[in-house]
Amino acid sequence: MKILLRKLSRYFCLASVLALAPTLRADVINVSGNLTGTNVWRSTNEYILNGYVYVLTNSVLRIEAGTVVRGTSGAPPSFGVLFITQGAKLFAEGTPTRPIIFTSESDDLQDPEDLPFPSRGLWGGIVLLGRSPINNAVVAAGDAATPKYDVYEGLGDTIVDGQGINRFGGDDPEDNSGVLRYVSIRHGGALLESNKEINGLSLGAVGRGTTIEYVEAYCTADDGFEFFGGTVNTRYLVSAFNDDDGFDADQGYTGKNQFWFGIQEDGKRDEGAELNGRPNDNPAEPGVPVSRFEVYNATLIGAGAGGGSGNDSFTVRQFTQTQWYNGIYTEFNGQPFNSGAFLTGAQPTFADNIWWDYSKPVWTPESVFADPASNSTNVNPAIRAISRSPNGGLDPRLSPGSPALGSPRSAPTDGFYQPVNYYGAFGANNLWIQGWTALSAEGFLAPRTNIVVVTNQYLTGEINWNATNIYVLTNYVYLMTNSVLRIEPGTVVKGRNGAPPNFGTLFVTRGAKIYAEGTQNQPIIFTAESDDLQDPEDLPFPSRGLWGGIVLLGRSPINNAVVAAGDAATPKYDVYEGLGDTIVDGQGINRFGGDDPEDNSGVLRYVSIRHGGALLESNKEINGLSLGAVGRGTTMEYVEAYCTADDGFEFFGGTVNTRYLVSAFNDDDGFDAD
């Protein structure tokens, strides 16, 4: 059965990979040496890094979403590495469905089984070198300089056109090295010299002007992410199956971080995170930063029972004042801390965290756990599923009812941290690693291609639609009164085409509630069954009327009704145009109107409704979003109606407030109110 599940998972993930990988590449472009000026790498090409490639100062490299960059293997300096030097910028801005992938030249992205798991060290990685502060340097000349600089470990202080191309460090905490967003770095970590490998992503004195979010380091022969000083802030980082530490920080790193996920594979592995203050534990000097960085909402999963005694969640060394809050740390075969000189020089803070399933006693050292202020909890966080094999069995979200749902500590409200009410990197719903990561493409996560055909025309009770499924509406589907439909961010709902009533439409009737709360990066999409979301060219533009749409029916006031019985009633009600006054279990399921201006039909946020507007009868089509007497207790923002065969949005009375609505290329009115 396990073999069958693995094969099925691989099959479905292969379909995802085929969809994500560019299918027609015009050229394979070999890149070597030094890059100057403005360089643009396009998704229609593949780029091969031949040896060390440096983007020199005052130069820019822009990489389009969906681009694949590969590194060659070999002995140094013949293996591929991308260096972004001091004063240069990298803009690698992928999307959830079109990530930018850095991988080995030998990695066939259309075959998840081509490289044995785990394959590491097949090329180098990405190295960003900035001008923000460090507190100490290994290189004597750099340690004596003002401001201090260091040289990337394992390399010499090479000078090109007056620039030290391997240097990092300076005096600008706001330094900007560009943007990395939705970037997956796979199979790197080639050896520079003994015990000095390239990390997945190395961050040398990178400043907080840089944006780093939704970045994955997968199967690296060294650390997933290493911070050498600097001030850069990060969030949504994934460190998966790397050979050394998941995360490593040194030389006075002082950034802010949120939503870190780390997982290690079976076997003897190193720490979940290594937290250093200064190179080689050198004594602190006045006026230089200790390593004082913050991490909120990390989930670190160790190597499990086979991890060896050295598989600790944290190694903490002198002169680090790191602060970790609202985290979940579990399944390490060692202990929570390999503390060494834990109390020397500076005291780290670990507070409001969950520690679970260690092979050694958890409640040591007392400096962390005996302090009541640490609020440390030794309880099963009820993570949905942990698997270190590509069998579709990994789901690091929290199970319903998990004790980790509800954190006692709120992250600072400073514009960077996002307010969430749970421990760890995931709540119960948003699986933000789905789709763009190697974890997804290689079959570790449950495949997204599970098709759920909604056969029940009348939905009652509490219903949850999950992002791991695609839901197909085959006819009119009614959410009945006193019922609730919750839709996870990133979920896709498709409507079938046909003659009425056999085309998909979702009706939220009076007294029911829909909570469709997408995010900017994981919208909820309602579209036609025939719409291939991985192929922007599958439907000719503009394709309309391929299914119905969404109809919300509420109990707030209307001033007049077309239906005579409703117009004579108190309060007035009407029936959605083109449909009859159908009664099911005593409820008029197509009615709208009432006397409650505060009526609440739920939340629609970051929802895109595409290709709807199927015909009910002559001149009466479904709108993209129909709002029949919807009350102002309803939240409606960031909603798009695209390519509808009738109006984008139509308001039939009601009091609902809206903002951030998009009506694009609809066949009748953009907005209609009555």
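Residues in the sequence shown are numbered from 0 upward in steps of one, following numbering that gives the first Met the number 0.
Just so you know, even glycine gets a beta-carbon here, dropped at the ideal spot from N, CA and C.
{"Query": "Neighbourhood of residue 223 by C-beta distance below 6 angstroms, restricted to the same chain and skipping five residues each side", "Result": "199, 216, 238, 241, 245"}
{"Query": "DSSP bridge partner residues for residue 52 (one or two, in chain order)", "Result": "32, 81"}
{"Query": "Nearest to residue 621 (by Cα), restricted to the options 611, 628, 630", "Result": "611"}
{"Query": "Own chain, CB closer than 7 angstroms to residue 450, minus 5 neighbours either side, in chain order", "Result": "469, 471"}
{"Query": "Option nearest residue 438 by Cα separation, candidates 50, 326, 112", "Result": "112"}
{"Query": "For residue 273, the residue or residues it bridges with in DSSP", "Result": "247, 314"}
{"Query": "Best match in 466, 431, 494 for proximity to residue 474 [C-alpha to C-alpha]", "Result": "494"}
{"Query": "Cβ distance (whole Å) where residue 636 is taken to contact residue 604 below 8 angstroms", "Result": "6 angstroms"}
{"Query": "Inter-residue spacing [alpha-carbon to alpha-carbon] between residue 660 and residue 547", "Result": "19 angstroms"}
{"Query": "From 328, 529, 174, residue whose alpha carbon lies closest to that of residue 382", "Result": "328"}
{"Query": "Every unbroken beta strand (DSSP E) inside the region 92-129 [3 residues or more]", "Result": "99-103, 125-128"}
{"Query": "Backbone secondary structure at residue 155 - three-state DSSP", "Result": "coil"}
{"Query": "Unbroken beta strand (DSSP E) run spanning residue 384, endpoints", "Result": "382-384"}
{"Query": "6 angstroms Cβ shell around residue 60 - same chain, five flanking residues per side excluded", "Result": "38, 54, 89"}
{"Query": "Simplified DSSP state of residue 254, which is helix, strand or coil", "Result": "coil"}
{"Query": "For residue 203, the nearest candidate out of 196, 150, 212, 163 (CA to CA)", "Result": "150"}
{"Query": "Option nearest residue 298 by Cα separation, candidates 263, 616, 77, 417", "Result": "263"}
{"Query": "For residue 189, the three-state DSSP class (helix, strand or coil)", "Result": "coil"}
{"Query": "For residue 545, three-class secondary structure by DSSP", "Result": "coil"}
{"Query": "With 16 other Cβ atoms within 10 Å as the buried cut-off, status of residue 540", "Result": "exposed"}
{"Query": "C-beta contact flag for residue 102 and residue 67 at 9 angstroms", "Result": "yes"}
{"Query": "Own chain, CB closer than 6 angstroms to residue 445, minus 5 neighbours either side, in chain order", "Result": "391, 467"}
{"Query": "C-alpha gap between residue 146 and residue 526, whole angstroms", "Result": "56 angstroms"}
{"Query": "Cα-Cα separation between residue 33 and residue 272, rounded to whole angstroms", "Result": "33 angstroms"}
{"Query": "Residues that residue 672 bridges to, as DSSP identifies them", "Result": "650"}
{"Query": "When 247, 644, 538, 208 are compared against residue 230, the one with the closest alpha-carbon", "Result": "208"}
{"Query": "Of the listed residues 77, 196, 80, 42, nearest to residue 62 (C-alpha basis)", "Result": "42"}
{"Query": "Which residues DSSP lists as bridging residue 203, in chain order", "Result": "128, 227"}
{"Query": "Which residues DSSP lists as bridging residue 686, in chain order", "Result": "With the chain covering 0 to 673 only, the question about residue 686 has no answer from this structure."}
{"Query": "For residue 578, three-class secondary structure by DSSP", "Result": "coil"}
{"Query": "Which residues DSSP lists as bridging residue 432, in chain order", "Result": "DSSP output for residue 432 lists no bridge partner at all."}
{"Query": "Neighbourhood of residue 76 by C-beta distance below 6 angstroms, restricted to the same chain and skipping five residues each side", "Result": "50, 51"}
{"Query": "Where the beta strand (DSSP E) containing residue 297 begins and where it ends", "Result": "293-300"}
{"Query": "Own chain partners of residue 581 with C-beta closer than 8 angstroms, once the 5 adjacent residues on each side are dropped", "Result": "587, 588, 589"}
{"Query": "DSSP three-state assignment for residue 238, whether helix, strand or coil", "Result": "strand"}
{"Query": "Delimiting residues of the alpha helix (DSSP H) encompassing residue 439", "Result": "437-440"}
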